[in-house]
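>
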Ligand SMILES: NC(=O)c1ccc[n+]([C@@H]2O[C@H](COP(=O)([O-])OP(=O)(O)OC[C@H]3O[C@@H](n4cnc5c(N)ncnc54)[C@H](O)[C@@H]3O)[C@@H](O)[C@H]2O)c1
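In my numbering, the protein residues as written are 0 to 258.
Dropping the structure here:
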């Protein structure tokens, strides 16, 4: 499949996990990908792996909380690829909840917003002038979370992801006349390093998924690729759960009430 032949894409937080899977998927379908991460070495490894697989990728260190670094990453895409067609906002921050809400410290609370919501807005601001020049194929895909829709803990992260869903809708409407679509995927539990030290919990999570398993990074990458591609040419402003049926089910209650 070559849906992204001639496309240039920039993915944030792409040094591992879902972002890395997105970089691999877009490159496998023909895109030239700028693999960015605040950890430049990780970004370098992913870009090298993409190239080893026959794809086209470059690495660039970029912390999405740093406006100058974000502008430099977009400038790098322009320089290396001659433009930008797709931006995937994937970087995030998530601090665990303290025992009580009133015990939240200011710094971790604001950091979750700074990376997850403001980082995505910052990248969109920097990239939009180039996306608007890509002849109607410009697309932003934001990586949200099911946490934006229901209570799963992680208060600051969840509120920031809900903000990202709202930003997706408003930016979609504002950018539509410039030929840029803006959409969001909402992953459920996905097997990445986030769960490395919580293997038992990841195994237990399976029971809550109607499709009987947790997600793999490639499940999310496939949905991101769809929304970024011309296959989704008439789709903008949506929040797409990619969650094995989690949000439409209540399996725990069903089991309790089952006769
Ligand atoms: N894994 C899950 O279960 C899950 C569930 C729902 C949503 N998501 C979402 O998927 C996305 C990716 O999650 P993951 O599990 O692959 O994460 P991960 O922790 O495995 O990888 C995140 C990457 O982002 C980078 N990063 C962190 N802060 C950054 C910053 N300020 N600037 C640039 N890069 C930064 C890290 O260096 C890392 O390489 C996130 O938006 C997350 O909210 C994940």
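The beta carbon of each residue, even a glycine, is placed where N, CA and C say it ideally should be.
How many angstroms separate the CA atom of residue 128 from the CA atom of residue 230?
One C-alpha to the other measures close to 23 Å.
> Hey, is the segment 64 to 80 in contact with the segment 28 to 47, meaning 3+ C-beta pairs nearer than 8 Å?
Taking 8 Å as the limit for Cβ pairs, the verdict is that the segment 28 to 47 does touch the segment 64 to 80.
> Consult DSSP for residue 180 and reduce its assignment to one of helix, strand or coil.
Correct three-state label for residue 180: strand.
> Check for me: the alpha helix (DSSP H) holding residue 24 runs from which residue to which?
Here the alpha helix (DSSP H) through residue 24 covers 16 to 27.
> The alpha helix (DSSP H) spanning residue 51 covers which residue range?
39 to 51 is the extent of the alpha helix (DSSP H) around residue 51.
> Within the present structure, is the beta-carbon of residue 89 separated from the nearest heavy atom of ligand 1 by less than 8 Å?
Yes - ligand 1 has a heavy atom lying nearer than 8 Å to the Cβ of residue 89.
> Are the beta-carbon atoms belonging to residue 219 and residue 184 less than 9 Å from one another?
Taking 9 Å as the Cβ cut-off, residue 219 and residue 184 qualify as a contacting pair.
> Looking at C-alpha atoms only, which residue of 190, 79, 51, 121 is the closest neighbour of residue 18?
Of the candidates 190, 79, 51, 121, the one whose C-alpha sits nearest the C-alpha of residue 18 is 190.
> For residue 36, which of helix, strand or coil comes out of DSSP?
Looking at residue 36 - three-state DSSP - the assignment turns out to be strand.
> Would residue 58 pass as a contact of residue 47 if the rule is Cβ separation under 9 Å?
Result yes, Cβ atoms of residue 58 and residue 47 sit closer than 9 Å.
> For residue 3, collect the residues of the same chain with a Cβ closer than 6 Å to its Cβ; drop the 5 residues on either side in sequence, then sort them by chain order.
Here the set comprises 25, 28, 29, 30.
> When every heavy atom of ligand 1 is checked, does at least one fall within less than 8 Å of the C-beta of residue 107?
The answer is no for residue 107.
> Can you tell which of 156, 188, 222 has its C-alpha closest to the C-alpha of residue 182?
For the residues 156, 188, 222, the minimum Cα distance to residue 182 belongs to 222.
> Can you give me the start and stop residues for the beta strand (DSSP E) that residue 60 sits inside?
Its beta strand (DSSP E) spans residues 55 to 60.
> At 3 residues or longer, and completely inside the segment 70 to 122: list those beta strand (DSSP E) runs for me, N to C.
The segment 70 to 122 contains these whole beta strand (DSSP E) runs: 85 to 88.
> On the three-state DSSP scale, how would you describe residue 137?
Residue 137: strand per DSSP, three-state reduction.
> Is the CB-CB distance between residue 177 and residue 131 below 9 Å?
The answer is yes: Cβ separation under 9 Å.
> Are the segment 169 to 176 and the segment 97 to 115 touching by the rule of at least three beta carbon pairs closer than 8 Å?
Cβ pair count under 8 Å is below three, so no.
> Which residue's Cα is closest to the Cα of residue 216: 187, 116, 114, 148?
Of the candidates 187, 116, 114, 148, the one whose C-alpha sits nearest the C-alpha of residue 216 is 187.
> Given a threshold of 16 other Cβ atoms within 10 Å of its Cβ, counted over all protein chains shown, does residue 240 qualify as buried or as exposed?
By the neighbour-count rule (16 or more Cβ atoms within 10 Å), residue 240 is buried.
> Taking all protein chains shown into account, do 16 or more other C-beta atoms lie within 10 angstroms of the C-beta of residue 98, making it buried, or fewer, making it exposed?
Exposed, because fewer than 16 other Cβ atoms sit within 10 Å of the Cβ of residue 98.
> Taking 8 Å as the line, does the beta carbon of residue 299 fall inside it for any heavy atom of ligand 1?
In the structure as shown, the chain begins at 0 and stops at 258. Residue 299 is therefore absent and cannot be evaluated.
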